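Down below is the structure, laid out as structure tokens.
Numbering (my numbering), first residue to last: 2 to 83.
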């Protein structure tokens, strides 16, 4: 499951990276930040070693046999005091 999520992200990045950057990543550049499995469904939060601020949410729907990818860019991290 986690291997599948990492491969999906690697393939996505390599297909969407700016061709002029001539940057391609391998599985060694992709890592799972968080993983959860419930029954036949699972979700992975995945990132890469590329410093582009992107992260990926890979969700598998076991009932439908489908996997979805949401791609996000982190804009900032702020502290909100209680």
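Note that beta-carbon positions come from the ideal geometry of N, C-alpha and C, so glycine has one too.
Given the structure is predicted, the values throughout are model-derived calculations rather than measurements.
Measure the Cβ-Cβ separation of residue i and residue j and say whether it is below 8 Å.
i, j, result
"residue 146", "residue 70", "The question about residue 146 has no answer, for the chain in this structure spans 2 to 83."
"residue 16", "residue 33", "no"
"residue 54", "residue 24", "no"
"residue 10", "residue 49", "yes"
"residue 36", "residue 26", "no"
"residue 51", "residue 30", "yes"
"residue 40", "residue 63", "yes"
Could you spell out where the beta strand (DSSP E) holding residue i opens and where it closes?
i, result
"residue 71", "67 to 74"
Report the partner residues of residue i according to the DSSP bridge assignment.
i, result
"residue 60", "44 and 69"
Where do the N-terminal and C-terminal ends of the alpha helix (DSSP H) with residue i fall, by residue?
i, result
"residue 31", "Element bounds for residue 31: not the alpha helix (DSSP H) but the beta strand (DSSP E), 31 to 39."
"residue 6", "3 to 17"
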